[in-house]
Amino acid sequence: MIPLQHALIFGALLFSLGLYGMLARRHAVMVLMAIELMLNAVNVNLVAFSAYVAPGAFVGQIFAIFVITIAAAEIGLALAIVLRVYRNKATANVDEIDLLKW
Amino acid sequence: MDIGTGHAWLIPALSVLSSLVISLALLLKSVHVLPKNGSYLSIAAIGSGFLLFFPILRDLLSNGPREYGLPWLLVGGTEIRWSMLLDPLSVTMLGLVTLVALCVQVYSLCYMHGHPRFGWYYAVQSLFAASMLGLVLADNLLLLYITWELVGACSYLLIGFYYEQRSAAEAAKKAFVTTRLGDVGLLIGILLLFKVTGTFQLSGIFDAVATGKLDSATVNWAALLIFLGAMGKSAQFPFHVWLPDAMEGPTPVSALIHAATMVTAGVYLVARTYPIFLAAETVLSFVTIIGLITTLMAALLALVATDIKRVLAYSTVSKLGFMMLALGSGSLAAGIFYLITHGFFKALLFLGSGNVIHATERQDMRELGGLRNSMPVTTATFVIGSLALAGIAPLSGFFSKDEVLIAVREHQSPFVLVLTLFSLFITGVFIARLVLRTFFGAQTHDSSHYHEAGWNMTGPMIVLAALSIVGGLVVFPFFGEMLGLGGGFMEFINPSSGAHGNAGATVHAAQFDTAMALLSTLVSGSGLLIGWIFYGARLWSPQAISKRMTPVVVLLENKYFLDSFYQAIINGVVLVAGLLVATFDRVVVNDVAVNGLGRIAVFAGDRLKYHVTGKLNNYGMGMVVGAVIIAAAAFTFLS
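Chains as they are written, first to last, in our numbering: chain H, 4 to 105; chain R, -7 to 631.
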């Protein structure tokens, strides 16, 4: 069986990747995808801890399914917003969407 | 059903009603709908009040004093009652107030005719009379205080009736503020009595005083504070300054204020609460001293005043002091007797001066003279009023003044009596000066176009003149019994026969003292004679005398510099304190506290707004940094 550390390192890498993507990307869809990466990194951690700490209880797995459900709802809403913004401003660049700036 | 003391509440209620109806009509701009712009309504109200006085008096004489009322408020365990007291004192005042108010209102029909605020004048007149009647009837210090303040407010409105003139507006303000100084004292006195006795009812308070439940310090303080209110209203030294200025009001208003409604309220207040004063001997001496000072200094001021209304105003101040002197000498009956007779002849004198002003449009006696040919009725009635004021037998002023003098002689030192007689002497001089310079002597203006006033101006004057002549006779038991008073006026009014009898009251029975009568007549007569020598026969020149006494004349012409002194206090203390408070308000409260907080918010917002960049990356970075910091903190401090 793969040791726990491997799963955690993988989760951390995935999270950092998502974090970098969220901060560095300009396109709104890319930012959303980066957020998905971070959520999945969390899911990996939840499942890994569950399998190693309390095998057979499936607590982490069930929690991961909740996260996936929420993430689906969130991405659906976010993509709809991005679509409306694109229709109005002809861009999806987050740097140009600054209506609430001082 | 017989009309009796139980219907006394109708008298003020009718006047209040007429005042309300006229005010409502004024608000709806339809006062012309009312008969004679509402004036007939007001006269009808006060006239019915005067007619009600007779059955009430008859009922009082046959059934004795009565006290009744309605519950008004229940505060804690204390019931405050809306109650009235019908005893000889209040019923007597009821008659005086309704009669004088009726005369003045009839007189005003002609005097105020054609004034644009004619309706308003009558609305306030009605309310004024109603307030005074309520004050007279009140058996509850709280009710008394309310009506007391209403009297003050109405006098403010009427003194400032010609408010287009700055002087009238100033005079109204002065009257209101000066009397208010005393009113504060009265209010504190009432609350003090309530605190120690737990009631506002006069009977309860008198019982507490009579049974010695209150210590003497409390009684003295209460009496002093109540007297403070009376000093303000009754223009006693040093609060007298508002009264001469109140001459700015219409002349009938002056008559009303001086004879029946306003200034007599103070004397009446002392008389009403007399059992408290009798228990407070120190304060009673204070009343005497203030009365003596007032009567002397005002009489001297009347010597140099040239405005006929001001001479009369100072004579009123002087006579109010005289009444206080009587009260201070322990004779309630003499003080009230003088108040009543004074009400008759002073109203008469003011209405007479109103005739002069109405006909000539002048009120400086240096510009007047020889009016007796063109205005015979006015001259005759005015002379009657003047002789009554001077106290010449057998006019009413003679008897009432003698009663006061007897009381002073019996209870005060001879020195006080001499000073009182001196003030009577001065009264003779100044009233002779007033009459001779206005109605006699050479005509200073062409008087062919001056004419006697109409019947509704002379009518009330003739009524008042008749009363000024015979009014004093009620002091004699045989005359009083003819009217059914059961003795002379003094026995009728004595506090022992009132509802709140006080065993310790000094009962001062009527007495005709021949020596005192001769002495006072001699003094008054010599005063009149001196006046005649100066201003009638012109044997001596007043200018020559005043030149020799320049410092005194300067002192008198500047009214003892009291007005300037008060003005200096207002300028130096009140206005400076006001300026300090205003500066504190502007600088500390406004600029620092209120505006300062606002500026901090504006400044902070101006600087802090820049963190809202609108860049998603910045926000994300902020969240990350924040999360890292929280995580680091959790690791550091929790593990």
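Glycine included, C-beta positions come from ideal geometry on N, C-alpha and C. It should be emphasised that the depicted structure is a prediction, and the values quoted were computed from it without experimental measurement.
How would you label Ile35 of chain R, buried or exposed, when you count the other beta carbons within 10 angstroms and need 16 or more for buried?
-> buried
Tell me, please, whether the CB atom of Leu600 of chain R is closer than 7 angstroms to any CB atom in chain A?
-> Going by chain labels, chain A is absent from the structure shown, which instead holds the protein chains H and R.
Kindly list the residues whose CB is nearer than 6 angstroms to the CB of Phe627 of chain R, restricted to its own chain and excluding five residues on each side of it in sequence; keep chain order.
-> none
Return helix, strand or coil for Ala95 of chain H, following the three-state DSSP convention.
-> coil
Please classify His250 of chain R: is it buried, with 16 or more other beta-carbons within 10 angstroms of its beta-carbon, or exposed?
-> buried
Can you name the residues of chain H whose CB is closer than 9 angstroms to the CB of Gly606 of chain R?
-> Asp98, Ile100, Asp101, Leu102, Leu103, Lys104 and Trp105
Curious, which full-length alpha helix (DSSP H) runs of at least 4 residues does the region 107 to 175 of chain R contain?
-> 110 to 129 and 133 to 151
Which of helix, strand or coil DSSP assigns to Trp64 of chain R | strand
Is His24 of chain R helix, strand or coil by DSSP?
-> helix
Ala411 of chain R versus R:Val462, R:Leu288, R:Leu9 and R:Ala294, residue with shortest Cα-Cα distance = Reading off the sequence, residue 411 of chain R comes out as Leu, not Ala. The candidate whose alpha carbon is nearest that of Leu411 of chain R is R:Leu288.
In the DSSP assignment, find the beta strand (DSSP E) that holds Arg700 of chain R and state where it starts and stops.
-> Only positions -7 to 631 of chain R appear in the structure, and residue 700 of chain R is not among them; the question remains open.
Classification of Arg599 of chain R by the beta-carbon crowding that lies within 10 angstroms, buried from 16 upward = exposed
The region 82 to 98 of chain R / the region 35 to 53 of chain R touching (three or more Cβ pairs under 8 angstroms) | yes
Nonlocal neighbours in the same chain, by C-beta distance under 7 angstroms from Ala227 of chain R, ignoring five residues either side = Trp234, Leu235, Val255, Val309 and Leu312
Are the Cβ atoms of Met357 of chain R and Ile300 of chain R separated by less than 7 angstroms?
-> yes
Determine the burial state of His492 of chain R: buried for a count of at least 16 other Cβ atoms within 10 Å of its Cβ, exposed for fewer.
-> Its pLDDT being 40, under 50, His492 of chain R is placed unreliably by the model, and nothing is read from it.
Considering only the beta carbon of each residue, do Leu319 of chain R and Val262 of chain R sit closer than 7 angstroms?
-> yes
What are the start and end residues of the beta strand (DSSP E) that includes Leu26 of chain H?
-> It is not in any beta strand (DSSP E) - Leu26 of chain H instead sits in the alpha helix (DSSP H) that spans Leu7 to Ala27.
Which parts of the region 163 to 233 of chain R are runs of the alpha helix (DSSP H), unbroken and 4 residues or longer, counting only runs that do not cross its ends?
-> 194 to 202 and 208 to 225
I think Ala247 of chain R touches Ala351 of chain R, with their Cβ atoms under 8 angstroms apart; what is that distance to the nearest whole Å?
-> So it is not a contact: roughly 16 angstroms between Cβ atoms.
According to the neighbour-count rule (16 or more other Cβ atoms, all chains shown, within 10 Å of its Cβ), is Gly570 of chain R buried or exposed?
-> exposed
Provide the residue(s) that pair with His443 of chain R in DSSP beta bridges, ordered along the chain.
-> None; His443 of chain R has no bridge partner.
Cut-off 7 angstroms between Cβ atoms - residues of its own chain near Cys146 of chain R, not counting five sequence neighbours on either side = Val116, Leu119, Phe120 and Ser123
CA-to-CA distance, Leu16 of chain H to Ala624 of chain R, given in whole angstroms | 19 angstroms
Do the region 602 to 609 of chain R and the region 89 to 105 of chain H meet, that is, are 3 or more Cβ pairs less than 8 angstroms apart?
-> yes
Between Met36 of chain H and chain R, is there a C-beta pair that is closer than 7 angstroms?
-> no
With a cut-off of 7 angstroms, does the C-beta of Leu11 of chain H fall near any C-beta of chain R?
-> no
Given that Leu49 of chain H touches chain R, what residues does it touch there, using C-beta distances under 7 angstroms?
-> Simply none; closest approach about 18 angstroms.
How would you list, in chain order, the residues of chain R whose beta-carbon sits under 7 angstroms from the beta-carbon of Met25 of chain H?
-> Gly612
Host beta strand (DSSP E) of Ile72 of chain R (start-end) = Thr70 to Leu78
Give the secondary structure of His105 of chain R by DSSP, where H, G and I count as helix, E and B as strand, and everything else as coil.
-> coil
Name the two residues that bound the continuous alpha helix (DSSP H) containing Ala624 of chain R.
-> Leu608 to Leu630
Got a sec? Which residues, its chain only, sit under 6 angstroms from Tyr55 of chain H by beta carbon, not counting five neighbours each side?
-> Leu7
C-beta contact flag for Ser54 of chain R and Ala37 of chain R at 7 angstroms | no
As assigned by DSSP and simplified to three states, the class of Arg264 of chain R | helix
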